[in-house]
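In what follows, a single structure is set out as structure tokens and then discussed.
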Amino acid sequence: MTCRKPNIKQLQAECDAFNAKCMVGGQVAVKLDFVDESKITTTISEAQILSGHSAVVWMKGISGCYLLSHVTPLQQGQSHDSQ
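In terms of this note's numbering, the sequence shown opens at residue 1372 and continues consecutively.
Structural data, given as structure tokens:
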């Protein structure tokens, strides 16, 4: 099994797209590990590349950060059930 080098341009594009949809303090739904339901919280950072390999964001009340693929920005007044 070979490891592919992360595409930094692609990761940055993911971060830029997320940041365009969700400002710091914006409400998001995050799919937590080993939990069936998403948790509603707010971001405490912009999306960014972690250690050159993952596009992530940090959130209030959550230890560590999550991959952007597990985080959905919510419009004001939108719940995760209405997506």
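By construction, the Cβ of each residue, glycine as well, lies at the ideal position given by its N, Cα and C atoms.
Taking 7 angstroms as the cut-off, the Cβ atoms of V1399 and L1445 count as close. Nearest neighbour of S1440 by Cα position, chosen from I1433, S1434, A1418, turns out to be A1418. For L1421, the closest of I1415, G1432, C1436, K1380 by C-alpha to C-alpha distance is C1436. In this structure, G1423 is the residue among G1423, S1434, W1429, L1438 with its C-alpha nearest to the C-alpha of I1379. The shortest CA-to-CA distance from F1389 to any of E1408, S1416, I1433 is the one to S1416. The bridge partners DSSP lists for C1393 come to none.
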